Ligand SMILES: [Mo]
Ligand SMILES: [Mo]
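Protein chains in written order, with my numbering: chain A, 1 to 387; chain B, 388 to 774.
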């Protein structure tokens, strides 16, 4: 047996926090209670959603771990954890969101296939590790490369888990070479989360973090990096995580007609008061939630309504330690480019309250007013107004 | 009088194509008939919308023209047109869209302030000139700089026209230094449009083209480039082109509470059949239009409906010479990153026809279903579903 491997059974799963809401037990898929999300800007390791496709891999001896990097590059290399830790350590505050976040709500209007998720399939972490662009230099690919000398245009990440969707093969995905070699894109190979060694559920000993992109490309339990000519042909790139219109269903889907999703749209959700919670209808209520957008775009504004969208109040936005201005300027001194914004609004509620929230990003993109207009067979990227 | 200057009167305006629809005569603001837009992937110079804030500047002698570059940089320089043409010539296909495009439609739901525009305040051009990043190297600022050695963080472009909004001063605007020095952002100082010398209405002898950003930052009749510490304090950065919610009107607007708009959201419009044109209700109708998104994001899909949004047909997308696939992949070989997509759909129409179009960009952002939800006092960035 290899020193680093994906088991076939669930006998060696890590322990998890009992407050997590389990959407699927095997493989383990769980999200925290929604009010946990707005408790702190950085989501704790315990409360960070877990999204697995098979049993959690096991590393028998970290001193024997090797990351294999090769493919259409001048060199190949095999890096121990010590070698990876010798590279400059880079830290990124980044929110990772599952493309299926808020799927259950989309499913209610018309059935979709996929693990059900409430609105907590995301979390904001502090990720530290080596820059992917530094690792690619070791195999002879310079920064800001669009094509390698050997014709490579994509960088593939391969895990060691055993996924049903891959017929027992490992989870994999790829990103364009230009994003991988662009230090500004902040793609890292993380061995720490929130200042601690990465936990097993989050990809121990090493995972990719691709900021501003669907969680699906931030491959956990990383073993291989391959420089390849075309985008990765794995299931999660070719038969999943693509965007179809409401008119396409399982009887007429043509997966080859679409590109793999990367970047995600503007999103927000109300975390407190929780849906269905008791409101006594007297005076002001404080409403709290999160908002984020893909591709490094910021949040311009969050609007909150207590009357189903007839009148709106603007929320106050905050990004943890970088907060304090009336708005969040577009520069690194004032904003965590890849992270969510937590927001809060005090609104007058009359019963029956009908609380709605929607965000606008810095590109002036808006959320979909009705979920029906963005319904898609896989139930991905539900960014409709949160009601 | 300076050799390059903005007149105070409208006696030396260039001639214009008689088919243009004039929204304001002095200053001249005009757009083409909408069916012109979908006639060709590249918009002709004549039919490209004109958006001026004062009389068109006059250059008495091109041999005496100088671009002055200075501010928080190691050097300053004064470049003749010959010197600018000695730099590597770079060509970018880019759509420039006025932030006020489709303002008239927004104004119909509630009055806004600003020049009225139909849906043709945009055009797709082939722009050639020097890379801004190459010019900035001449004054000692390297590629990929966030801050210059002297504390510069923004690059200001100053014209020579006389704008009422600037109390007779010149039009100006700025972009972040990082965008200006990033060759991938494709910001150019253009002296050619569609292979011809730039015309007076479009900024002769030199203009900025900032791809993926509101037209307002692509300053025409460029005379000065200043490296500055904070974003430009001109009218068009501070008192215009900002995004406010529908609840903010002229009696409660606080301009300081918002950032200047740069990137723009996903957009599309129907150009043929034209609004109000005669449909006989028998069989299929071919519907044509344009779609684009900001920040280099592509178009994933355009949906067209003949029944007011009950049922939808997916349009065929094309980007001129780069067309031919079922979808437009995300790489430079297959896509003009900064350009619009022209689309076409054949749909069955029953009278009364209620044709609607909406686009989805490659980040899965969608257009606003109703214009009322994105109304803003300046009437900018109307990207509601086109009905
Ligand atoms: Mo996911
Ligand atoms: Mo504009």
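By construction, the Cβ of each residue, glycine as well, lies at the ideal position given by its N, Cα and C atoms. Keep in mind the model is a prediction, meaning the values are calculated, not measured.
For residue i, three-class secondary structure by DSSP
i, result
"residue 5 of chain A", "strand"
"residue 476 of chain B", "strand"
"residue 529 of chain B", "coil"
"residue 47 of chain A", "coil"
"residue 122 of chain A", "strand"
"residue 361 of chain A", "strand"
"residue 384 of chain A", "strand"
"residue 546 of chain B", "coil"
"residue 356 of chain A", "strand"
"residue 729 of chain B", "strand"
"residue 366 of chain A", "strand"
"residue 137 of chain A", "helix"
"residue 735 of chain B", "strand"
"residue 423 of chain B", "helix"
"residue 31 of chain A", "strand"
Euclidean distance between Cα positions of residue i and residue j
i, j, result
"residue 523 of chain B", "residue 465 of chain B", "12 Å"
"residue 201 of chain A", "residue 14 of chain A", "7 Å"
"residue 85 of chain A", "residue 423 of chain B", "59 Å"
"residue 289 of chain A", "residue 101 of chain A", "14 Å"
"residue 535 of chain B", "residue 520 of chain B", "13 Å"
"residue 546 of chain B", "residue 354 of chain A", "50 Å"
"residue 303 of chain A", "residue 214 of chain A", "24 Å"
"residue 62 of chain A", "residue 22 of chain A", "30 Å"
"residue 544 of chain B", "residue 485 of chain B", "17 Å"
"residue 685 of chain B", "residue 611 of chain B", "32 Å"
"residue 570 of chain B", "residue 24 of chain A", "46 Å"
"residue 325 of chain A", "residue 146 of chain A", "Any reading at residue 325 of chain A is ruled out, since the residue's pLDDT is 44, under 50, leaving its predicted position unreliable."
"residue 284 of chain A", "residue 362 of chain A", "29 Å"
"residue 405 of chain B", "residue 744 of chain B", "30 Å"
"residue 350 of chain A", "residue 307 of chain A", "8 Å"
"residue 595 of chain B", "residue 529 of chain B", "19 Å"
"residue 196 of chain A", "residue 44 of chain A", "11 Å"
"residue 144 of chain A", "residue 403 of chain B", "43 Å"
"residue 707 of chain B", "residue 687 of chain B", "16 Å"
"residue 479 of chain B", "residue 515 of chain B", "6 Å"
"residue 7 of chain A", "residue 26 of chain A", "12 Å"
Best match in the options for proximity to residue i [C-alpha to C-alpha]
i, options, result
"residue 562 of chain B", "B:605, B:765, B:526 and B:581", "B:605"
"residue 498 of chain B", "B:555, B:443 and B:764", "B:764"
"residue 398 of chain B", "B:441, B:429, B:496 and B:390", "B:441"
"residue 662 of chain B", "B:736, B:752, B:774 and B:579", "B:774"
"residue 120 of chain A", "A:313, A:267 and A:359", "A:267"
"residue 444 of chain B", "B:555, B:572, B:509 and B:579", "B:555"
"residue 39 of chain A", "A:76, A:157 and A:318", "A:318"
"residue 615 of chain B", "B:455, B:460 and B:454", "B:460"
"residue 726 of chain B", "B:431, B:396, B:599 and B:583", "B:599"
"residue 396 of chain A", "A:312, A:374 and A:359", "Nothing about residue 396 of chain A can be reported from this structure: the residues present for chain A run from 1 to 387 only."
"residue 576 of chain B", "B:456, B:403, B:694 and B:758", "B:456"
"residue 435 of chain B", "B:481, B:681, B:413 and B:492", "B:481"
"residue 108 of chain A", "A:344, A:131, A:204 and A:371", "A:371"
"residue 629 of chain B", "B:491, B:768 and B:542", "B:768"
"residue 179 of chain A", "A:191, A:172, A:204 and A:131", "A:131"
"residue 384 of chain A", "A:104, A:226, A:153 and A:89", "A:104"
"residue 747 of chain B", "A:336, A:264, A:6 and A:199", "A:264"
Residue i burial status per 10 Å Cβ neighbour count (16 or more: buried)
i, result
"residue 548 of chain B", "buried"
"residue 597 of chain B", "buried"
"residue 607 of chain B", "buried"
"residue 250 of chain A", "exposed"
"residue 286 of chain A", "exposed"
"residue 390 of chain B", "exposed"
"residue 186 of chain A", "buried"
"residue 739 of chain B", "exposed"
"residue 642 of chain B", "exposed"
"residue 511 of chain B", "buried"
"residue 367 of chain A", "buried"
Original post:
What are the complete beta strand (DSSP E) segments, minimum 3 residues, inside the segment 629-708 of chain B?
Top reply: Within the segment 629-708 of chain B, the complete beta strand (DSSP E) runs of at least 3 residues are 654-659, 671-679, 686-692 and 703-705.
Subject >> 4 or more residues per run - each alpha helix (DSSP H) lying fully within the segment 435-507 of chain B >> reply: Correct list: 468-473 and 490-496.
Original post:
Which runs of the alpha helix (DSSP H) spanning at least 4 residues fall entirely within the segment 557-627 of chain B, listed in chain order?
Top reply: Counting whole runs of 4 or more residues, the segment 557-627 of chain B contains the alpha helix (DSSP H) stretches 564-568 and 622-625.
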